[in-house]
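Asks:
Numbering (UniProt numbering), first residue to last: 1 to 234.
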């Protein structure tokens with residue numbers, strides 16, 4: 001299984017490397033350049049610029065937040081379908097089970113999500129330190145605890161969106177990106193406080209929607225396992 005993971009990762013890298021590098025460079029530049037005009041503002045925070053979102057009263061589409069969370073979907077697109085078509089004969093010949101194949105894909109999505117979150121939030125932290133901007137705060141948390149919680153929640157949110165996209169891609173690839181984007185937009189304009197995607201906004205995050213995000217991600221992962229079994233391996 002370990003060998004399969006590295007083999008799949010190598011093939012996936014060949015498929016997404018140009019998109020991955022392009023979007024990572026673009027979002028990194030956006031983070032850096034967005035800080036420069038506010039370098040003398042003691043109340044500006046790059047973290048709130050990207051992750052504050054909106055509350056339940058003043059509702060508008062937060063552009064930085066929206067762009068940040070759609071980029072992972074634009075990186076992946078229909079990559080797993082391409083990966084399957086490139087590897088199907090070899091995978092069937094080696095008699096890997098549907099469960100093993102799907103678990104590897106989930107691990108790959110987790111890795112892509114982790115790389116994206118760590119790179120972008122490291123750049124945000126570096127800009128904050130160099131420009132002496134306010135650090136991230138979430139309710140009563142501050143410092144390393146807050147950064148860790150923010151990374152974890154954002155990682156889970158991106159992983160869930162990528163899992164959902166991968167499931168829908170089995171049936172209609174364009175709908176995979178359309179539905180996930182629609183969910184992000186709908187989250188902004190709906191008032192359901194336990195919506196798992198609310199946990200991705202600092203102005204809406206609470207214990208309940210974090211728990212909702214964890215449960216939703218786990219359920220979606222199981223659904224993905226079932227879909228893989230009954231499509232690619234039927």
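Where a beta carbon is used, it is the ideal one built from N, C-alpha and C, also for glycine.
Does the segment 96–116 come within contact of the segment 152–163, defined as at least 3 CB pairs closer than 8 Å?
Replies: Touching, yes, given that three or more Cβ pairs across the two stretches are closer than 8 Å.
Asks: Measuring CB to CB, does residue 185 end up less than 7 Å from residue 176?
Replies: Not closer than 7 Å, so no.
Asks: CA-CA distance, residue 25 and residue 133?
Replies: Their Cα atoms are separated by approximately 22 Å.
Asks: Hey, would you say residue 165 sits closer than 7 Å to residue 182, going by beta carbons?
Replies: Their beta carbons are not under 7 Å apart, which means residue 165 does not touch residue 182 by this criterion.
Asks: Work out the CA separation of residue 135 and residue 93 for me, nearest whole Å.
Replies: Going by the C-alpha atoms only, they are around 52 Å apart.
Asks: Residue 198 and residue 208: beta carbons closer than 7 Å?
Replies: Not a contact, by the Cβ cut-off of 7 Å.
Asks: Measure from the alpha carbon of residue 72 to the alpha carbon of each residue in 201, 118, 83, then state which is nearest.
Replies: The residue with the shortest Cα to Cα distance from residue 72 is 118.
Asks: The ligand NAP heavy atoms versus the CB of residue 84: any closer than 6 Å?
Replies: In terms of ligand content, the structure shown is empty, and the ligand NAP therefore cannot be addressed.
Asks: Specify, as a first and last residue, the run of the alpha helix (DSSP H) that residue 110 falls within.
Replies: Per DSSP, residue 110 belongs to the alpha helix (DSSP H) from 98–130.
Asks: Is it the case that the segment 57–72 contacts the segment 80–96, given that we only count it when at least three CB pairs across the two stretches are under 8 Å?
Replies: Judged by Cβ distances under 8 Å, the segment 80–96 makes no contact with the segment 57–72, as fewer than three pairs qualify.
Asks: Could you tell me the alpha carbon to alpha carbon distance between residue 78 and residue 213, rounded to whole angstroms?
Replies: Near 24 Å, if we compare the C-alpha coordinates of residue 213 and residue 78.
Asks: Output needed for residue 285: all residues of its chain with C-beta closer than 7 Å, excluding positions within five of it in sequence on either side, in chain order.
Replies: Residue numbering for the chain in the displayed model covers 1 to 234; residue 285 lies beyond these limits and cannot be assessed.
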